[in-house]
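**Student:** Chains as they are written, first to last, in the numbering used here: chain S, 27 to 263; chain H, 27 to 263. In this text, a Cβ means the ideal position worked out from N, Cα and C, and glycines have one as well.
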DNA sequence: CGTATTATTGACTCCATTCAAAGATAGTGG
DNA sequence: CCACTATCTTTGAATGGAGTCAATAATACG
């Protein structure tokens, strides 16, 4: 809360995520200016809320480590997982429009994160225009991801799941993690809530992929055995 | 193309959409500054492309009159209508992330529009920070709409269509049109491509709503007879 | 007026859901 | 450390909602 207490803050310079998080493409001067505006001490445990659906929009959050899910409760009381956030990704742009968040962000494991207070958005836009462009790009990224998801909801279960797995693989790879072996941050139930399937269907499809020697499944540990084969499920004409 | 040729431009001051388009909440000075950056002479006919999927990102487009559809062709060659744009709404933010548009924008009827060239985004952010915030809000609006759509794709056909109709009604009403009588800008086929249904199902559901005295359907002319009843289909617990 | 496009309607099929039951794993406290 | 419990996962069988296929009807347009 105390912005003057810089001793306990790690600047963007020192952050291992500097190339993939917000400061991508910024000059050193700009990164330093940005560091002053950003709070870097966020820490939460599994199940904790980063922000809640309906809360007043107050911050953009950059995930430094761990993963989170974005959950929306609809009019019927059903949970929808709009997206999964991985290290280096930003959350919260959905809250800007109506000044309150459209979904809850919930930690899927122990996480650390940075905070860009909402009050500073205009100030930053004026002082560091290139950050403004970066923020727009992240917004645009969110739009693209959402649109991709709209498209995938119209595919059969098999394609939804292969796309989900390869998307996770690609995003993890882009952030320096293994692309062929990773832990699912979600339960079968949650994957279903994300893809619009039942947990039973998710389980059956994972089994099917395993039978086809496309992946190996050991509870939440996924090993991609045939990335091309998996990709062809949703890519081939 | 000639930015110096201001004689043929209508400034935002004179635009009937001033309260609902970009300049919402700006001072007169800011609106004038913005007018200089915006090209206001866009005109296209039904079926014309405003921009194409894959084209380099070059502009944000504000629809002044008419309607447009945002179409994405997926890996299988299937068309998906990501959204319908109505007067006063902005298009193109999806192109910012990868520097090319993620979908094509196609006029559904004769349209007129304004253009905000992409090159000016940073300049505008610096010069008119409040515009920057407005643009972020529009981005956020797009994200919210996309997320709402993701949620609705998981609902049964009946709910998809009632939500689609009431969303259209609400958005038209917000822009000064009738909320209880309007023309569908899309064919049954296109509504299907938008909602993830077949044209036959769309036809059957419209018929069902008509039989329930919720709406009256006369080809593309929709009359809402019981808005509450229609809303309750997707709102009730 | 004739053709192409768009829309309606019916019968049948299939994919994913639902319902049900059992198995596996992780976490807790005695 | 083991038993106990809650949570998560797997698997099977039956059901149902939307898709597919097909034929006809209505409308728009040149």
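Looking at residue 196 of chain S and the ligand PLP, is the gap between the Cβ and the nearest heavy atom below 6 Å?
**Tutor:** With respect to the ligand PLP, the structure offers nothing, as it holds no ligand at all.
**Student:** The alpha helix (DSSP H) with residue 159 of chain S in it runs from where to where?
**Tutor:** 155 to 178
**Student:** Consider the Cβ of residue 101 of chain H: report whether some Cβ of chain S lies at a distance smaller than 7 Å.
**Tutor:** yes
**Student:** I need the boundaries of the beta strand (DSSP E) containing residue 106 of chain H, first residue and last residue.
**Tutor:** 105 to 111
**Student:** For a contact defined as C-beta to C-beta under 8 Å, what are the partners of residue 193 of chain H on chain S?
**Tutor:** Correct list: empty, because the minimum Cβ distance to chain S is about 13 Å.
**Student:** Please determine, among S/72, S/137 and S/102, the residue with the shortest C-alpha to C-alpha distance to residue 112 of chain S.
**Tutor:** S/137
**Student:** Starting from the beta carbon of residue 47 of chain H, find every residue of chain S whose beta carbon is closer than 9 Å, and list them in chain order.
**Tutor:** Within chain S, no residue comes near residue 47 of chain H; the closest Cβ sits about 15 Å away, beyond 9 Å.
**Student:** Less than 7 Å separating the beta-carbons of residue 72 of chain H and residue 135 of chain H?
**Tutor:** yes
**Student:** Taking the continuous alpha helix (DSSP H) assigned at residue 228 of chain H, which residues delimit it?
**Tutor:** Segment 225 to 237, the alpha helix (DSSP H) holding residue 228 of chain H.
**Student:** Just to check my reading of the structure: residue 167 of chain H and residue 123 of chain S have Cβ atoms closer than 8 Å, yes? What is that Cβ distance to the nearest angstrom?
**Tutor:** About 5 Å separates the CB atoms of residue 167 of chain H and residue 123 of chain S; that is less than 8 Å, so the two are in contact.
**Student:** Once DSSP output is grouped into helix, strand and coil, what is the label at residue 246 of chain S?
**Tutor:** coil
**Student:** Taking a Cβ distance cut-off of 9 Å, strictly less, list which residues of the region 197 to 213 of chain H are near chain S, in chain order.
**Tutor:** none
**Student:** For the beta strand (DSSP E) containing residue 50 of chain S, list its first residue and its last residue.
**Tutor:** Taken as a continuous stretch (DSSP letters only), residue 50 of chain S belongs to no beta strand (DSSP E), as it is neither H nor E.
**Student:** Determine, using beta carbons only, whether residue 148 of chain H comes closer than 7 Å to chain S.
**Tutor:** yes
**Student:** When you compare only the Cα positions, how much space is there between residue 23 of chain H and residue 70 of chain H?
**Tutor:** Since the first residue shown for chain H is 27 and the last is 263, residue 23 of chain H is missing from the structure and cannot be characterised.
**Student:** Listed from N- to C-terminal order along the chain, which residues in the region 117 to 139 of chain S have their beta-carbon within a distance smaller than 8 Å of any beta-carbon of chain H?
**Tutor:** 119, 120, 121, 122, 123, 124, 128 and 129
**Student:** Would residue 144 of chain H pass as an interface residue toward chain S - the criterion being a Cβ-Cβ separation below 7 Å?
**Tutor:** no
**Student:** Under the assumption that residue 85 of chain S contacts residue 118 of chain S (Cβ atoms under 8 Å), give the Cβ distance between them as a whole number of angstroms.
**Tutor:** 6 Å
**Student:** Determine, using beta carbons only, whether residue 231 of chain S and residue 172 of chain S come nearer to each other than 7 Å.
**Tutor:** No, the Cβ-Cβ distance between residue 231 of chain S and residue 172 of chain S is not below 7 Å.
**Student:** Could you confirm whether any beta carbon from chain S is found closer than 7 Å to the beta carbon of residue 243 of chain H?
**Tutor:** no
**Student:** Within the continuous beta strand (DSSP E) that includes residue 138 of chain S, where are the two ends?
**Tutor:** 137 to 143
**Student:** Report the residue from H/108, H/246 and H/180 whose alpha carbon sits nearest the alpha carbon of residue 214 of chain H.
**Tutor:** H/246
**Student:** Could you have a look at residue 128 of chain H and say whether DSSP puts it in helix, strand or coil?
**Tutor:** coil
**Student:** Show which residues of chain S have a CB atom less than 9 Å away from the CB atom of residue 234 of chain H.
**Tutor:** Result: empty, since nearest Cβ-Cβ is about 20 Å, beyond 9 Å.
**Student:** Within 10 angstroms of its Cβ, does residue 55 of chain S collect 16 or more other Cβ (buried), or is it exposed?
**Tutor:** exposed
**Student:** Tell me the rounded alpha-carbon separation between residue 80 of chain S and residue 125 of chain S.
**Tutor:** 9 Å
**Student:** State yes or no: is the beta carbon of residue 220 of chain H nearer than 7 Å to at least one beta carbon in chain S?
**Tutor:** no
**Student:** Which residues mark the beginning and the end of the beta strand (DSSP E) in which residue 65 of chain S is found?
**Tutor:** 65 to 70
**Student:** Could you pull out every residue in the same chain whose Cβ sits closer than 6 Å to the Cβ of residue 131 of chain S, ignoring the five residues on either side in sequence?
**Tutor:** 76, 77, 94, 96 and 117
**Student:** Quick one: which chain S residues come within Cβ less than 7 Å of residue 261 of chain H?
**Tutor:** Residues of chain S passing the Cβ test: 101.
**Student:** Determine the direct distance from the alpha carbon of residue 109 of chain S to that of residue 143 of chain S, and round the result to whole angstroms.
**Tutor:** 22 Å
**Student:** Between H/203, H/223 and H/188, which lies nearest to residue 236 of chain H when the distance is taken from Cα to Cα?
**Tutor:** H/188
**Student:** Identify whether residue 257 of chain H lies in helix, strand or coil by the three-state DSSP scheme.
**Tutor:** In this structure, residue 257 of chain H counts as helix in the three-state DSSP scheme.
**Student:** Indicate the three-state DSSP secondary structure (helix, strand or coil) for residue 203 of chain H in the structure shown.
**Tutor:** coil
**Student:** In three-state DSSP terms, what is residue 151 of chain H?
**Tutor:** helix
**Student:** Whole-angstrom Cβ separation of residue 240 of chain S and residue 221 of chain S, contact assumed at under 8 Å?
**Tutor:** Residue 240 of chain S to residue 221 of chain S, Cβ: 17 Å. No contact.
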